[in-house]
Amino acid sequence: MSLIKNLHQKLIKKEVSAVDLVNQSFKLIEEKDKDLKAFITLTKEEALKEAEKIDKKISQGEEIDLISGLPFALKDNILTKGIKTTAASKILADYYGSYDATVFKKLKEKGAILVGKTNLDEFAMGSSTENSAFFTTKNPYDLERVAGGSSGGSAVAVSSSMAVFALGSDTGGSIREPAAFCGVVGFKPSYGSVSRYGLIPMASSLDVIGPITKTVEDARIIFETIAGKDEFDATSFDLKKEKNSKKEIIIGLDEEFLAEGVAEEIKEKFLSVIKKIEEFGLKIKNIDLTLNPYALSCYYIIMPAEVSANLARYDGLRYSSLKDTNFKNLEDIYFKNRGLGFGKEVRRRILLGTYVLSHGYYDAYYRKAQKVRRLIKEEYEKQFQQVDFIISPTTPTLPFKIGEKISDPLAMYLSDIFTVGANIAGLPAINLPIGFSKSNLPIGLQITAPYKKDFDLLDFSQQIEKLVNF
Ligand code: GLN
Numbered sequence: 000m001s002l003i004k005n006l007h008q009k010l011i012k013k014e015v016s017a018v019d020l021v022n023q024s025f026k027l028i029e030e031k032d033k034d035l036k037a038f039i040t041l042t043k044e045e046a047l048k049e050a051e052k053i054d055k056k057i058s059q060g061e062e063i064d065l066i067s068g069l070p071f072a073l074k075d076n077i078l079t080k081g082i083k084t085t086a087a088s089k090i091l092a093d094y095y096g097s098y099d100a101t102v103f104k105k106l107k108e109k110g111a112i113l114v115g116k117t118n119l120d121e122f123a124m125g126s127s128t129e130n131s132a133f134f135t136t137k138n139p140y141d142l143e144r145v146a147g148g149s150s151g152g153s154a155v156a157v158s159s160s161m162a163v164f165a166l167g168s169d170t171g172g173s174i175r176e177p178a179a180f181c182g183v184v185g186f187k188p189s190y191g192s193v194s195r196y197g198l199i200p201m202a203s204s205l206d207v208i209g210p211i212t213k214t215v216e217d218a219r220i221i222f223e224t225i226a227g228k229d230e231f232d233a234t235s236f237d238l239k240k241e242k243n244s245k246k247e248i249i250i251g252l253d254e255e256f257l258a259e260g261v262a263e264e265i266k267e268k269f270l271s272v273i274k275k276i277e278e279f280g281l282k283i284k285n286i287d288l289t290l291n292p293y294a295l296s297c298y299y300i301i302m303p304a305e306v307s308a309n310l311a312r313y314d315g316l317r318y319s320s321l322k323d324t325n326f327k328n329l330e331d332i333y334f335k336n337r338g339l340g341f342g343k344e345v346r347r348r349i350l351l352g353t354y355v356l357s358h359g360y361y362d363a364y365y366r367k368a369q370k371v372r373r374l375i376k377e378e379y380e381k382q383f384q385q386v387d388f389i390i391s392p393t394t395p396t397l398p399f400k401i402g403e404k405i406s407d408p409l410a411m412y413l414s415d416i417f418t419v420g421a422n423i424a425g426l427p428a429i430n431l432p433i434g435f436s437k438s439n440l441p442i443g444l445q446i447t448a449p450y451k452k453d454f455d456l457l458d459f460s461q462q463i464e465k466l467v468n469f
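Using numbering that gives the first Met the number 0, you'd call the opening residue of the sequence shown number 0 and step up by one each time.
Take a look at the structure:
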């Protein structure tokens, strides 16, 4: 059952008020967030005011939308007018959004209520939220472990019921990976189906905003609310909802996904779901995504290249939050702002990106990665002529210990091995929680669909969700 529909029913039957829901959210935040650290900024006063407005509407017998009165959280790289938007970076520590992101505007128009802005890896670069300049978000199932990243705060807010739903952004897995680590649904839509206007960019050809929720039906409700063409984002489009008339669904599985490096317990759980799917009568077909192993290397060339271009705007003359304004010369301004304002991982990626775009290396790295990107895209297209969906684990490991990978960037980058393919090819992909390890840590399953088949993916995921009965 959809949590959103359930709460909506309670609201219109007046069993609960919007003010109650908001108060309940803040009660949980007060209880839990000192340990979990999911939120950077809270918006209690505004939230209560908005909730009162919704309650007034209900008491006057006005119709309200499905998501009206429901508390939600936004990743702090999504702009909110007059509300702090930091991207978890020192360089934006005192920055207030000067306009609302399209996704936020759409949610507000339907009466959903923002309770706060959530923690992330600085500028969304990371897989654990440990790269946040402020603090590390903890996993609700084990406080010594990471929540995943980069949308760790949003995943935790939903997982521990501090918000009914949240938005994250996904450039290489940042919605699906924390969703897998926190036992919730995380949906990365097709590239362009949701407007990026007002999303602080990381890598513009890969970035997508999407929902993190408790159920697939909730993910669909939020996706339908935020999706669609936006005049402020030229890459955005309206997604058509076609009825899928195909009778037999075929699911593709590449056994390489279960090769070395994947945790035993994840393999076991994954295979038990495959068995259930087969028993249910769906067909599994072995496929060979031979280029998939290159997706990660390709991503770690293209993404930093775009990062280095996108982050050039933080030059110290604009946006800066640094208090020391005693500069010797222009270089000193740059050095102090970019040198002290950016964390280590951000600087690493700017350097890498500048390098692969530089004269003499452009062809060897950037151009080559673009070619590989096209080949990966074509390989997916070819595979999707034989299968409707591709299934894999979402992450190769269980949520890891805080500090375990932070000094080894390559080990951290490997967390994205199953997720980056969908970003490289622009495809919709989802994380579904499928169970727990022996030590009670969540395990996730990823389903990937052809470009623009977001609604088919959501329909199918609902079927799997029922089958798995998480
Ligand atoms: N973990 C990946 C990275 O560090 C993905 C980040 C993202 O999707 N925003 O780049």
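Positions of the beta carbon are idealized from the N, C-alpha and C atoms, including for glycine.
The structure presented is a predicted model; accordingly, all values stated were derived computationally and were not measured.
Residue range of the unbroken beta strand (DSSP E) whose run includes residue i
i: I112; result: 112–117
i: D169; result: 164–169
i: P441; result: 441–447
i: N285; result: 282–285
i: S150; result: From DSSP, S150 is part of no beta strand (DSSP E); its letter is neither H nor E.
i: S391; result: 388–392
From the options, residue whose alpha carbon lies closest to that of residue i
i: A156; options: L106, P292, E29, V272; result: E29
i: A179; options: R373, K452, L431; result: L431
i: S173; options: A123, A202, K367; result: A123
i: A162; options: S406, F454, D32, F186; result: D32
i: A304; options: S24, S436, V355, D455; result: V355
i: D477; options: S320, Y318, R347, D314; result: The structure shown does not extend to residue 477, since the chain is modelled only from 0 to 469, so the question has no answer here.
i: I220; options: Y412, A86, D64, I442; result: D64
i: K327; options: K335, K104, G340; result: K335
i: G340; options: D75, S160, V21, K89; result: K89
i: P200; options: A100, Q382, L329, F435; result: A100
i: Q8; options: L350, S127, E62; result: E62
i: F222; options: N468, Q445, I429; result: I429
i: G280; options: F269, K240, I250, G260; result: I250
i: Y196; options: S150, E255, K105, I276; result: K105
i: A294; options: I375, E108, S436; result: I375
i: L198; options: F417, K246, F186, N309; result: N309
i: V467; options: V272, T234, R175, D232; result: V272
i: V386; options: A368, K282, Q445; result: K282
i: S194; options: F103, A111, G151, L329; result: F103
i: E403; options: R144, D34, A17, A226; result: R144
i: S296; options: E378, D75, G420; result: G420
i: G60; options: D229, K13, E49; result: K13
Backbone secondary structure at residue i - three-state DSSP
i: L41; result: strand
i: D458; result: helix
i: P398; result: coil
i: N468; result: coil
i: K13; result: coil
i: P139; result: coil
i: P432; result: strand
i: A474; result: There is no way to answer for residue 474, as the model of the chain reaches only from 0 to 469.
i: G352; result: helix
i: P210; result: strand
i: G227; result: coil
i: I28; result: helix
i: T79; result: strand
i: G251; result: strand
i: D331; result: helix
i: L288; result: coil
8 Å contact criterion, which residue i and residue j should meet: CB distance rounded
i: Y98; j: K116; result: The pair is not a contact, with the Cβ atoms about 15 Å apart (cut-off 8 Å).
i: D217; j: S1; result: 5 Å
i: Q461; j: V215; result: 5 Å
i: V15; j: P70; result: Going by Cβ atoms, the distance from V15 to P70 rounds to 12 Å, so no, they are not a contact pair.
i: N118; j: I39; result: 5 Å
i: I473; j: E129; result: Any question about residue 473 goes unanswered here, given that the chain covers just 0 to 469.
i: E176; j: G147; result: 5 Å
First through last residue of the alpha helix (DSSP H) which encompasses residue i
i: V371; result: 367–382
i: L505; result: Residue 505 is absent from the structure shown; the chain starts at 0 and stops at 469.
i: A521; result: The question about residue 521 has no answer here: the residues shown for the chain are numbered 0 through 469.
i: L257; result: Unbroken run through L257: none, as it is neither H nor E.
i: T101; result: 101–108
i: L205; result: That residue, L205, is in no alpha helix (DSSP H); it is neither H nor E in DSSP.
i: Y98; result: First-last for Y98: undefined, no H or E at that position.
i: P200; result: Where P200 is concerned, there is no enclosing alpha helix (DSSP H), given that its DSSP letter is neither H nor E.
i: S307; result: 291–309
i: A363; result: Note, A363: premise wrong, no alpha helix (DSSP H); not H, not E.
i: A123; result: Careful: A123 lies outside any alpha helix (DSSP H) and carries neither H nor E.
Which residues DSSP lists as bridging residue i, in chain order
i: N5; result: In DSSP, N5 forms no bridge with anything.
i: F71; result: L113, F164
i: K187; result: A428
i: D232; result: D229
i: V193; result: A226
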